[in-house]
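Residue numbers (my numbering): 278 to 425.
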């Protein structure tokens, strides 16, 4: 309601304003300025952001690499630094949850990773797009069904 009221007020004030020259059809200098200033501002914001994005994606010699594969009803994990260490993790049904458990987040086999080490997590999917998340760390990544 607040937004509709504000937009309506702005439309009425622009329609009844006597300071606007309604017969001036083009003013190329003004159009050039209000187009180029936001474009330059966005470029100055985008360049450092892209640099940081690429720097954050680099992991130098990780201690552990975890490959996470999303399937239709479960996740499978592979520790690629070790031979034949892989397991599947199925969601616990709501009826079987213990008191204090997180609905739709509790699983039967949890992934264990070391602390204070650099870890690379490769996330992919076998069938459709999935969402892999660790809510307590604020991590969410989409698993796309293309080869990694």
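By construction, the Cβ of each residue, glycine as well, lies at the ideal position given by its N, Cα and C atoms.
Owing to the predicted nature of the structure, the values given are computational and were not obtained by experimental measurement.
Residue 383 and residue 335 have their C-alpha atoms roughly 30 Å apart. Of the candidates 417, 289, 373 and 409, 409 places its Cα closest to the Cα of residue 346.
Residue 415 and residue 310 have their C-alpha atoms some 40 Å from each other. Per DSSP, residue 335 lies in no beta strand (DSSP E) segment and is marked neither H nor E.
Our two residues, residue 305 and residue 329, have alpha carbons roughly 37 Å apart in a direct line.
Inclusion of residue 318 and residue 397 in the CB contact set at 8 Å is not warranted, their separation being larger than that value.
Rounded to whole angstroms, the separation of the alpha carbons of residue 376 and residue 365 is 24 Å.
Secondary structure note for residue 405: it is in no alpha helix (DSSP H), with a DSSP letter that is neither H nor E. When only Cα atoms are considered, residue 281 and residue 326 end up about 34 Å apart.
Residue pairing by DSSP places residue 397 opposite 342 in a beta bridge. In the structure shown, residue 285 falls within a helical segment according to DSSP collapsed to helix, strand and coil. Between residue 333 and the set 395, 357, 421 and 423, the nearest pair of CA atoms involves 395. Note that the C-beta distance between residue 354 and residue 388 is below 8 Å.
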